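For the sequence shown, this note's numbering gives the first residue as 10, with consecutive numbering after it.
Note that the Cβ used here is the ideal one computed from N, Cα and C, for glycine as well.
It should be emphasised that the depicted structure is a prediction, and the values quoted were computed from it without experimental measurement.
In what follows, a structure is listed as structure tokens, so that the remarks can point back to it.
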Amino acid sequence: DAGPLAGLPRIYGIAWAFVAHTDSRFDPELLLRFVGAYQKDDPLELAELWALPTVLRIVMIENARRLAVRIVASMKGREQADRYANALTGLATDVVDDVSFVSAGTASGWSRAFTVQLFQRLRHRDAAAAVALQELSQRLAAEGTSAEAVVQMEISRQAAADLSVRNL
């Protein structure tokens with residue numbers, strides 16, 4: 010077998026597929042149907058069935074960890090964008106050490122959370138912010154997207170993450 014689950018017990022793959030297909034929502038009836046459908050093609054051993062509850066918990070905890078990492082990364086991106094926007098608009102109260110990273114690279118090197126926060130902070134500001142906003146828009150256009158599209162993607166991603174967290 011190849012892929013991300015190669016070498017792992019098949020019960021792990023079943024639990025992983027169940028969590029993926031249900032977006033981490035646990036429904037005992039659905040789990041019974043899911044496992045039953047799997048067993049029609051490839052019956053599970055008794056030890057695998059006994060391991061399923063524990064493995065399912067492990068997969069759900071891993072999914073919660075993955076979501077938490079993504080949430081923390083988004084928070085950091087928004088904080089960086091806030092510091093940069095504050096520096097641009099004269100609201101900074103401290104020295105901003107990481108402003109230089111914004112002037113280099115492409116928008117695709119920035120997180121979506123950073124891009125969205127920066128766009129939202131600069132969109133109705135003064136002339137200094139307008140120049141940065143124009144540069145941001147140009148970078149996004151060069152990559153075949155727009156600030157509005159990135160905002161929409163980020164909102165959709167956050168809504169999906171919220172649903173997954175609620176399901177967990």
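One Cα belongs to GLY86, the other to ALA158, and the distance between them is close to 18 Å. The continuous alpha helix (DSSP H) containing PRO37 extends over residues 37–50. Taking a contact to require three or more Cβ pairs closer than 8 Å, the stretch 13–31 and the stretch 61–74 qualify as touching. Spatial neighbours of THR98 in its own chain (CB-CB distance under 7 Å, excluding positions within 5 residues in sequence) are listed in chain order as ARG134, ASP135, ALA137, ALA138. For the set GLU57, PRO37, ALA156, LEU131, the Cα lying nearest the Cα of SER120 is the one of ALA156. Counting only the Cα atoms, LYS49 lies some 35 Å from ALA168. By the neighbour-count criterion, in which 16 or more other beta carbons inside 10 Å mark a residue as buried, ALA94 falls on the buried side. By the Cβ rule, the stretch 78–92 does not count as touching the stretch 51–62, because fewer than three pairs are nearer than 8 Å. Spatial neighbours of LEU142 in its own chain (CB-CB distance under 6 Å, excluding positions within 5 residues in sequence) are listed in chain order as LEU131. Cβ-Cβ distances below 6 Å link GLU163 to ARG121, VAL125 in the same chain, with the five nearest sequence neighbours on each side left out; the list follows chain order. The alpha-carbon of SER33 is positioned some 11 Å away from that of GLU71. Relative to LEU58, the option among PRO18, ASP36, ALA77, MET69 whose CA is nearest is PRO18.
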